[in-house]
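Taking it in order: structure first as structure tokens, then the write-up.
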Amino acid sequence: PHSKQYDLEVWAGGQQRWLEVSSCSNFTDFQARRANIRFRGEDGKPKPVHTLNGSALAIPRVLAAILENNLDSEGRVKVPDCLRTWFDKDFLSG
Numbered sequence: 878p879h880s881k882q883y884d885l886e887v888w889a890g891g892q893q894r895w896l897e898v899s900s901c902s903n904f905t906d907f908q909a910r911r912a913n914i915r916f917r918g919e920d921g922k923p924k925p926v927h928t929l930n931g932s933a934l935a936i937p938r939v940l941a942a943i944l945e946n947n948l949d950s951e952g953r954v955k956v957p958d959c960l961r962t963w964f965d966k967d968f969l970s971g
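Residue numbers (this note's numbering): 878 to 971.
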């Protein structure tokens with residue numbers, strides 16, 4: 878059981894559902910107790926550490942979401958505003 882978790886999701890129009898593309902969780906000392914991972918505190922006694930889990934981006938899902946959500950009627954993909962810095966054009970076309 879995690880103490881706090883953040884998930885990033887993208888809308889997958891073709892599947893009509895949200896898909897997780899990244900996650901970060903704080904498991905406090907739950908996993909460390911099970912794995913017997915400890916440190917010595919100021920009092921010198923062993924204590925379980927707190928663990929974090931995080932995943933990078935699921936690039937295929939992110940790319941699919943960008944393509945699906947920005948396709949126009951002419952078959953071009955509009956480059957989202959937040960990505961324009963890295964592109965020389967407003968549209969991608971095949």
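Yeah, the Cβ is synthetic: ideal placement off N, Cα and C, and Gly gets one too. Computed from a prediction, not measured in an experiment: that's the story for all the values here.
Take residue i and list the residues in its own chain whose beta-carbon comes closer than 6 Å to its own, dropping the five residues that flank it on each side.
i, result
"ALA909", "PRO925, VAL926 and THR928"
"ASP906", "PRO925 and HIS927"
"ASP858", "Residue numbering for the chain in the displayed model covers 878 to 971; residue 858 lies beyond these limits and cannot be assessed."
To the nearest angstrom, report how far apart residue i and residue j are at their CA atoms.
i, j, result
"TRP895", "LYS881", "20 Å"
"ASP949", "ARG938", "19 Å"
"ARG917", "PRO923", "4 Å"
"ALA912", "GLY921", "20 Å"
"GLU951", "LEU940", "19 Å"
"PHE904", "ARG915", "14 Å"
"LYS966", "SER902", "37 Å"
Give every residue of the same chain whose Cβ lies closer than 7 Å to the Cβ of residue i, excluding the five residues on either side of it in the sequence, and list them in chain order.
i, result
"LEU969", "ARG953, VAL954 and VAL956"
At least one CB of chain B closer than 9 Å to the CB of residue i: is that the case?
i, result
"SER900", "Of the protein chains in this structure there is only one, and it is not chain B."
Closer than 8 Å by C-beta to residue i: which residues in its own chain qualify, once you throw out the five before and the five after it? Chain order, please.
i, result
"GLU919", "none"
- [ ] Indicate whether the contact test is met: 3 or more Cβ pairs, each with one atom in the stretch 954-970 and one in the stretch 919-934, closer than 8 Å.
- [x] no
TODO: Decide yes or no for the touch test of the stretch 884-896 against the stretch 934-949: beta carbon pairs closer than 8 Å, at least 3 of them.
DONE: yes
Task: Every unbroken alpha helix (DSSP H) inside the stretch 906-933 [4 residues or more] - done: 907-912
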